[in-house]
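Encoded as structure tokens, the structure appears first; notes follow it.
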Amino acid sequence: MLTSRAKRILGISLALTFFLMAVSPMFASAATVPGNQKTGPYIDKFILKNRASDVEVLSLLNNEVDLIGEQVDPQYLPSLQAADNINIESLHRNGYGFITMKCDKYPFNITSFRRALAFAIDKYYISDTIWAGLSQPQDSCVAAVNPYSIEGSMPYTYYESNMPLALQMLIDAGFLDSNADGWREAPNGDLFSPQVVCTGSDSIASASGAYTVQVLQSLGIHAIYNGADFNQFIAAVNNHQDYDILFHGIGFTTFDVDWLGYMFWSGYVNEPYQNEPCWSNASYDAWREPLLHSTNYTEVFEAAQEMQKIWIYNCPEIIFYENTYLSAYRTDKFEGTVNAIQGVANWWTNEKVHLKASLGGPFGGDYRWSLPQAIEGFNILTISSAYSWYVVQEFYDAMIIVDAKGNDVPWLASSWTIATHADDDAVPDGHTRITFDMIQNATWTDGAPLTAADAAFSLNFYRDAPGNQFGPYLTDMTAAYAKTPYQLVVEFSTESLWHLHACGYQSILPKHFFLEQGILTTNYNTWIPVPPGDEMVTSGPFNVSNYVAGEFVEMTYNPNYFYGIQHTTTTTTTVTGPDLTMAIVAGAVGAAVVILVGGYVLMRQK
Amino acid sequence: MGLREYVIRRSIYMFLLIIAVICFNFLLFRLPSLVLGVSPVDLMISDRLRQRMSRELLLQLYARFGLVPNPDIFDWIYMFWRYLVSMLTGNFGYSFATQTPVIGEIMERLPNTLLLMGTSSVVAIIIGIWTGVKVAVDPGSRRDVGSVTVALFIFALPVFWFGLMLLMIFGFMLPNATQALFGVPIGFPLGGTIEYGLWVQAQQSPFGAIMIAGDILYHLILPMIALGVGGYGGYFIYMRNNLIDVMTEDYILTARAKGLDENQVLYKHGMKNAMLPMVTIIALTFGGLIGGAPLTETVFNWHGLGRYILQSLVALDYPVSQAAFMILSITTILANFVADMLYGVLDPRIRYA
Chain D
6 MLTSRAKRIL GISLALTFFL MAVSPMFASA ATVPGNQKTG PYIDKFILKN RASDVEVLSL
66 LNNEVDLIGE QVDPQYLPSL QAADNINIES LHRNGYGFIT MKCDKYPFNI TSFRRALAFA
126 IDKYYISDTI WAGLSQPQDS CVAAVNPYSI EGSMPYTYYE SNMPLALQML IDAGFLDSNA
186 DGWREAPNGD LFSPQVVCTG SDSIASASGA YTVQVLQSLG IHAIYNGADF NQFIAAVNNH
246 QDYDILFHGI GFTTFDVDWL GYMFWSGYVN EPYQNEPCWS NASYDAWREP LLHSTNYTEV
306 FEAAQEMQKI WIYNCPEIIF YENTYLSAYR TDKFEGTVNA IQGVANWWTN EKVHLKASLG
366 GPFGGDYRWS LPQAIEGFNI LTISSAYSWY VVQEFYDAMI IVDAKGNDVP WLASSWTIAT
426 HADDDAVPDG HTRITFDMIQ NATWTDGAPL TAADAAFSLN FYRDAPGNQF GPYLTDMTAA
486 YAKTPYQLVV EFSTESLWHL HACGYQSILP KHFFLEQGIL TTNYNTWIPV PPGDEMVTSG
546 PFNVSNYVAG EFVEMTYNPN YFYGIQHTTT TTTTVTGPDL TMAIVAGAVG AAVVILVGGY
606 VLMRQK
Chain W
5 MGLREYVIRR SIYMFLLIIA VICFNFLLFR LPSLVLGVSP VDLMISDRLR QRMSRELLLQ
65 LYARFGLVPN PDIFDWIYMF WRYLVSMLTG NFGYSFATQT PVIGEIMERL PNTLLLMGTS
125 SVVAIIIGIW TGVKVAVDPG SRRDVGSVTV ALFIFALPVF WFGLMLLMIF GFMLPNATQA
185 LFGVPIGFPL GGTIEYGLWV QAQQSPFGAI MIAGDILYHL ILPMIALGVG GYGGYFIYMR
245 NNLIDVMTED YILTARAKGL DENQVLYKHG MKNAMLPMVT IIALTFGGLI GGAPLTETVF
305 NWHGLGRYIL QSLVALDYPV SQAAFMILSI TTILANFVAD MLYGVLDPRI RYA
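Chain order of the listed sequences is D and W. Mapping to my numbering: the first sequence position 434 is 439, numbers consecutive. Mapping to my numbering: the second sequence position 241 is 245, numbers consecutive.
Listed below in structure tokens is the structure:
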């Protein structure tokens with residue numbers, strides 16, 4: 006037995022130990038995260054859990070996920086703000102909401118009418134009231150977060166409502182109430198009642214549509230609200246069907262603005278999916294050539310700026326707002342999330358997020374995202390949803406990737422040169438030749454080296470496989486070949502600054518694996534791998550290690566990733582999973598027994 | 005006409021009905037294209053692809069999915085013929101969204117749907133019949149009026165709202181309260197069919213399948229309650245009304261006059277006869293199990309057919325929706341047929357004519 010003195014010493018020692026344990030985090034210094042901008046990932050596993058959209062916030066609050074994998078609905082802000090260990094980040098989205106007017110239809114083809122409406126709309130009202138402060142007014146068709154945008158540099162804006170000016174513009178253009186019925190007629194005397202179409206099921210869209218009607222009526226235009234079915238709406242947008250004014254939104258994944266040369270070009274007035282407002286403007290079109298076909302950045306930049314100026318003046322569309330993208334994530338275990346142009350749920354977050362030092366970080370841990378929809382599959386060539394992209398983008402790498410701020414980061418390429426005929430006589434006149442020097446330590450998960458042959462194979466595959474989503478960016482590509490094992494040459498039949506991104510941003514596929522599996526440009530959509538049972542040869546930071554359709558995708562970090570860093574605490578075991586069908590059958594039998602016995606007992610009660 | 009002739013005639017009717025359903029299915033899911041001009045391709049094009057869309061690429065996309073842009077009458081006739089041949093040969097095609105065979109996707113989700121719908125239907129039927137019998141004994145009593153009011157109230161609640169409330173209370177508030185009080189979260193999962201963490205543990209356990217089965221049952225409880233409790237009202241009202249009618253019949257009076265115990269009168273004579281019309285309802289319920297519960301499956305993230313059908317309808321994924329509705333129609337027609345056959349077994353007075 007211990008003496009009283011010994012017991013006292015033991016008690017004091019224990020109390021002291023607990024005290025020191027409790028206060029030790031106060032003296033701990035922040036974890037030093039090794040590596041540079043390209044180093045990662047630090048987490049062991051990246052897990053995507055399917056959760057219904059309405060339940061994602063509860064899952065985050067319940068600590069079932071660490072990050073909500075989509076934009077957070079602003080209605081949940083109060084409960085998230087009140088919770089412990091949850092951080093909310095916002096940034097202005099690379100996209101916006103807008104109305105588009107059918108500019109080849111009378112009287113919407115009258116610029117004064119469109120400008121009058123732009124001056125009459127109060128964009129501050131939209132931001133403050135409809136968006137409850139979660140957006141900002143915008144005029145340019147290039148989002149304000151984009152370096153090419155001229156937002157804020159024009160001598161005038163359409164931010165505030167200027168009704169007197171708008172009314173005067175309408176009167177000057179001949180929109181008068183000649184028959185004194187209280188509504189203005191078109192300058193040729195025709196009665197007109199523009200329909201403002203929006204998707205009635207969306208609260209922001211319907212409020213914006215209703216507000217547009219209200220403004221038009223204030224101007225004396227007999228406007229009518231039409232909260233349409235989404236299918237009707239999308240058909241009208243895509244196929245240039247008859248409409249007057251439409252409200253909808255758009256988002257961009259990069260800061261490239263080559264689309265200015267397509268989406269509003271008069272040559273595409275009748276092209277499905279292009280030039281929604283059917284707008285033609287010769288001054289605008291004149292800048293298309295330098296925008297698309299100059300290899301001089303200053304010229305391209307100037308063209309983009311001038312096109313925006315003309316576009317803003319003519320108002321084929323009226324941008325209502327650039328809204329805020331809200332992200333929510335837990336902060337109790339991990340730190341280092343990255344708020345990129347697509348929100349916190351992005352590729353860079355998985356690269357940089359790491360365990361806190363107090364929990365043994367920076368290496369290790371399972372980082373869990375919620376996803377509101379099941380993924381479509383693992384074939385990069387056929388998936389279309391952003392949720393599937395979250396998984397597939399971890400498989401493959403590109404020559405160049407975009408950092409959190411939208412800047413280029415050399416990835417598989419260590420450097421590159423762009424040459425035209427003016428730079429190099431060997432390049433045919435009017436062509437662009439891009440030569441990538443590649444890093445030499447990248448490998449596939451089966452150990453094969455990742456070389457220029459893979460890159461050339463991928464670019465040619467994308468160009469030639471009909472109907473794949475990457476092909477349209479490579480239509481001008483005449484050749485892609487490996488000059489040496491680590492030097493890729495890509496040649497385009499036109500001169501353009503945008504060709505660098507057109508080929509540099511594309512994911513590089515494993516040539517040897519595709520050839521072994523017989524995946525060709527003619528049958529690529531029949532390749533339906535289901536990993537980890539079906540082998541996936543990848544190069545990226547994560548690969549699928551566990552997958553149950555509709556439930557979760559577990560991805561384990563690639564220990565041989567070329568920018569990776571060896572984790573000091575990792576145990577990865579691959580074990581064949583239990584038979585899910587058998588488990589469901591066993592569950593069904595169990596449930597049936599419980600229910601039938603319970604029911605029998607109930608029914609026997611007298 | 006004997007049973008054999010009756011079965012033959014009903015079989016012919018069934019076959020004709022299935023043919024009609026096949027034809028109707030073709031038109032039903034293509035209505036948005038026919039009326040509004042929208043195509044599944046419209047819904048598959050991302051903003052990024054839209055920025056570089058060309059007529060050539062559009063044609064390639066249509067060709068990839070076996071579709072025709074702006075189809076004329078001859079295109080529709082050809083598409084209908086191709087569809088008819090596919091349906092009659094059991095070839096349901098490939099999903100536009102996942103590019104996988106539709107039948108595989110349906111079979112993958114079928115066990116989950118049958119589990120949820122089967123258990124919840126049995127729960128709803130048992131609660132409905134039991135409470136219906138209990139209150140029918142004393143119609144107009146306070147207990148009867150109270151039960152009818154409660155049943156109608158619950159039956160009128162939108163099932164997705166009821167499900168969300170269950171998730172909020174038992175999946176979020178209860179675990180947090182028990183965590184705060186006892187240091188252990190006690191409650192139910194926030195949807196799904198299995199839990200990731202347990203799945204990983206089960207992979208390394210010799211009792212993995214049992215663990216997973218238990219976990220599936222654990223995940224089943226809330227959606228089963230939402231559907232079972234939310235849907236018992238219909239059976240309850242039907243059973244109650246049937247039994248009240250039956251209890252006024254002469255043979256019930258006779259049974260009482262014979263001096264039978266009231267429980268014997270109720271269960272042996274009353275309930276047995278009142279159950280007869282329930283057979284059709286129950287048979288149709290089981291016939292419709294395969295359709296799942298789209299809203300409940302969505303709220304509880306249950307990987308079942310109902311949710312799949314809903315998603316396919318939104319995405320205009322014709323191959324999925326037409327295959328699912330085809331199978332659903334056939335099972336409903338078959339269930340109706342079985343119910344008609346059962347009538348004769350349960351009630352010897354019924355003759356096939």
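For glycine and all other residues, C-beta sits at the position ideal for the given N, C-alpha and C.
- DSSP places D/F260 in no alpha helix (DSSP H); its state is neither H nor E.
- Relative to W/I23, the option among W/L350, W/I49, W/F157, W/M330 whose CA is nearest is W/M330.
- A direct Cα-Cα distance of roughly 16 angstroms separates W/V163 from W/F174.
- Contact check for W/G196 and W/N305: beta-carbon distance about 5 angstroms, within the 8 angstroms limit, so the pair qualifies.
- In the three-state scheme derived from DSSP, where H, G and I count as helix and E and B as strand, D/A240 is classed as helix.
- If one requires a minimum length of 3 residues, the beta strand (DSSP E) runs lying completely within the segment 364-452 of chain D are 371-376, 405-407, 413-415, 418-425, 437-443, in chain order.
- By the rule that beta-carbons nearer than 8 angstroms mark a contact, W/H273 does not touch chain D.
- Chain W places no beta carbon closer than 8 angstroms to that of D/N548, leaving this residue out of the contacts.
- In this structure W/E301 does not touch W/G292 by the C-beta definition: roughly 14 angstroms separates them, more than the 8 angstroms allowed.
- DSSP places D/E94 in the strand class (E or B) of the three-state scheme.
- D/A409 and W/I81 have their C-alpha atoms spaced approximately 52 angstroms apart.
- Under the Cβ criterion of 8 angstroms, D/D539 is not counted among the residues facing chain W.
- When D/F124, D/I439, D/Y552 are compared, the shortest CA-CA separation from D/A487 is found for D/I439.
- For the segment 190-201 of chain W, the beta-carbon criterion of a distance under 8 angstroms to any beta-carbon of chain D is satisfied by L194, G195, G196, T197, I198, Y200.
- Taking 8 angstroms as the cut-off, the beta carbon of W/N277 is found no closer than this to the beta carbon of W/V233.
- Taken in chain order, the members of the segment 41-60 of chain D whose beta-carbon sits within less than 8 angstroms of a beta-carbon on chain W are I52, K54, N55, R56, A57, D59, V60.
- From the listed residues W/Y17, W/I130, W/S43, the smallest Cα separation to D/L601 is found for W/I130.
- The distance from the Cβ of W/P179 to that of D/N548 is about 33 angstroms, inconsistent with a contact at the 8 angstroms cut-off.
- According to DSSP, D/M560 shares a beta bridge with D/F51, D/V549.
- Using beta-carbon distances, D/Y478 counts as an interface residue toward chain W, with a partner under 8 angstroms.
- Across the set D/Y478, D/K361, D/K338, the C-alpha of D/K338 shows the shortest separation from the C-alpha of D/N90.
- Flagged as an interface residue toward chain W: D/Y267, by a C-beta distance shorter than 8 angstroms.
- Under the Cβ distance rule, D/G555 counts among the residues neighbouring chain W, one pair being separated by less than 8 angstroms.
- Within the DSSP secondary-structure output, D/I255 pairs in a beta bridge with D/Y101.
- In the three-state reduction of the DSSP assignment, D/L455 falls in the coil class.
- D/G365 and D/Y81 have their C-alpha atoms roughly 32 angstroms apart.
- With contacts defined as CB atoms closer than 8 angstroms, D/C283 and D/H253 fail to qualify as a contacting pair.
- For D/Q200, the enclosing beta strand (DSSP E) starts and ends at 200-204.
- Proximity of W/Q326 to chain D, defined by a Cβ-Cβ separation below 8 angstroms, is not satisfied.
- For D/R335, the enclosing beta strand (DSSP E) covers residues 322-335.
- Annotation: the continuous alpha helix (DSSP H) that includes W/L120 extends over 106-140.
- For the pair D/L331 and D/Y164, the Cα-to-Cα distance works out to about 23 angstroms.
- For the C-beta of W/L62, the chain D residues within less than 8 angstroms are, from N- to C-terminus, P277, Y278.
- Fully enclosed alpha helix (DSSP H) runs of no fewer than 4 residues occupy 44-48, 51-54, 59-68 of the segment 29-73 of chain W, in order along the chain.
- Comparing alpha carbon positions, the residue from D/Q222, D/S198, D/L96 closest to D/A125 is D/Q222.
- Check the Cα spacing between D/A447 and each of D/T437, D/S550, D/P564, D/V396: the tightest is with D/P564.
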